[in-house]
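Structure record follows, encoded as structure tokens.
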Amino acid sequence: MRLEIRQFLCLKDNIGVLVRAPESGATAAIDAPEPEPILAALRKEGWTLTDIFVTHHHADHVQGIGALQSAFPNVRVTGPASEAAAIGGLDREVEDGDTVYLGPHAAKVISVPGHTLGHVAYWFEEDALLFAGDTLFAMGCGRPFEASPATLYRSLLKLAALPDATQIYCGHEYTLSNARFALSVDPRNEALQRRAEAVAELSAEGLTLPTQLRLEKATNPFLRVAEPDIQASLGLLGADPAEVFAALRERKNRA
Ligand code: ZN
Ligand code: FE
Numbered sequence: 072m073r074l075e076i077r078q079f080l081c082l083k084d085n086i087g088v089l090v091r092a093p094e095s096g097a098t099a100a101i102d103a104p105e106p107e108p109i110l111a112a113l114r115k116e117g118w119t120l121t122d123i124f125v126t127h128h129h130a131d132h133v134q135g136i137g138a139l140q141s142a143f144p145n146v147r148v149t150g151p152a153s154e155a156a157a158i159g160g161l162d163r164e165v166e167d168g169d170t171v172y173l174g175p176h177a178a179k180v181i182s183v184p185g186h187t188l189g190h191v192a193y194w195f196e197e198d199a200l201l202f203a204g205d206t207l208f209a210m211g212c213g214r215p216f217e218a219s220p221a222t223l224y225r226s227l228l229k230l231a232a233l234p235d236a237t238q239i240y241c242g243h244e245y246t247l248s249n250a251r252f253a254l255s256v257d258p259r260n261e262a263l264q265r266r267a268e269a270v271a272e273l274s275a276e277g278l279t280l281p282t283q284l285r286l287e288k289a290t291n292p293f294l295r296v297a298e299p300d301i302q303a304s305l306g307l308l309g310a311d312p313a314e315v316f317a318a319l320r321e322r323k324n325r326a
């Protein structure tokens with residue numbers, strides 16, 4: 072059976088995500104940015120929270136864990152082993168290559184260092200779903216706070232190697248501003264032009280996600296640093312893609 076998914080805004084631009092396996096009723100929150108909207112969504116659906124899958128230690132992804140544990144004392148909190156101390160309260164520590172289950176649905180843990188050193192993504196291969204946290208955004212990527220841009224780039228290449236049809240859920244709704252920046256460095260990209268028009272307005276829920284890997288490969292400048300058009304707009308035609316990535320990330324930081 073298909074996983075059921077609900078998304079909603081938390082805080083200012085974080086995205087709350089609930090995933091439920093209908094076979095068993097197992098229900099996971101991807102990160103815990105803010106307890107109230109997560110609890111409200113669970114109440115509305117009549118779902119019981121059984122798991123929290125944490126992507127990384129930043130406060131806007133973990134600060135709701137305690138309140139969710141109070142509301143659901145049996146909830147199991149899973150997160151990256153190397154960030155366990157910073158996150159606190161993990162019931163299960165995972166590393167690259169581990170498999171975790173939601174009911175009968177398997178998710179592979181993929182280590183994606185860059186935004187934070189221990190950042191992980193959760194890939195439900197059979198369901199063609201990726202929960203990318205703050206690594207990959209629609210037409211954008213996270214800031215490399217704890218590692219070099221080259222490290223983040225390698226992590227994005229790992230994600231780009233997943234099947235094209237993979238649906239991607241992200242930690243933040245940054246799509247509109249990312250589209251503007253993407254157009255500034257890749258203005259002749261027709262797929263990007265069409266997408267920027269398509270996302271010119273947010274949905275009633277204030278969300279444009281999920282996205283799909285195929286679409287990101289066609290429109291996300293951070294996955295397109297080997298393209299001559301993008302290299303040229305940065306004055307780096309023919310340069311190493313990792314170097315182009317670093318320059319692009321730097322320009323975005325200043326945008
Ligand atoms: Zn973060
Ligand atoms: Fe974040």
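Per my numbering, residue 72 is the first one in the sequence shown, and the count goes up by one each step.
The beta-carbon is built from N, C-alpha and C at its ideal position, and this holds for glycine as well.
Bridge partners for residue i per DSSP, in chain order?
| i | result |
| --- | --- |
| His-243 | Asn-85 |
| Gln-264 | Partner(s): none; Gln-264 has no beta bridge. |
| Thr-282 | Ile-239 |
| Thr-98 | Arg-91 |
| Phe-195 | Leu-200 |
| Ala-178 | Val-171 |
Measuring CB to CB, does residue i end up less than 8 angstroms from residue j?
| i | j | result |
| --- | --- | --- |
| His-190 | His-127 | yes |
| Thr-98 | Leu-120 | yes |
| Phe-195 | Ala-209 | no |
| Arg-320 | Pro-215 | yes |
| Gly-150 | Val-171 | no |
| Glu-154 | Gly-135 | no |
| Gly-277 | Leu-89 | no |
| Gly-174 | Ala-236 | no |
So the alpha helix (DSSP H) residue i belongs to, where does it begin and stop?
| i | result |
| --- | --- |
| Asp-131 | 130–133 |
| Asp-300 | 299–304 |
| Val-315 | 312–325 |
| Gly-137 | 136–142 |
| Arg-295 | Element bounds for Arg-295: n/a, residue is neither H nor E. |
| Pro-108 | 106–116 |
Looking at the unbroken beta strand (DSSP E) that takes in residue i, where does it start and where does it end?
| i | result |
| --- | --- |
| Leu-201 | 200–202 |
| Asp-205 | It is not in any beta strand (DSSP E) - Asp-205 carries neither H nor E in the DSSP assignment. |
Could you tell me which whole beta strand (DSSP E) segments of length 3 or greater appear in the region 144–175? Residue ranges of uninterrupted beta strand (DSSP E) with 3 or more members, entirely inside the region 144–175 and ordered along the chain, are 147–151, 163–165 and 170–173.
Does the region 149–166 touch the region 218–232, meaning 3 or more C-beta pairs lie closer than 8 angstroms? no
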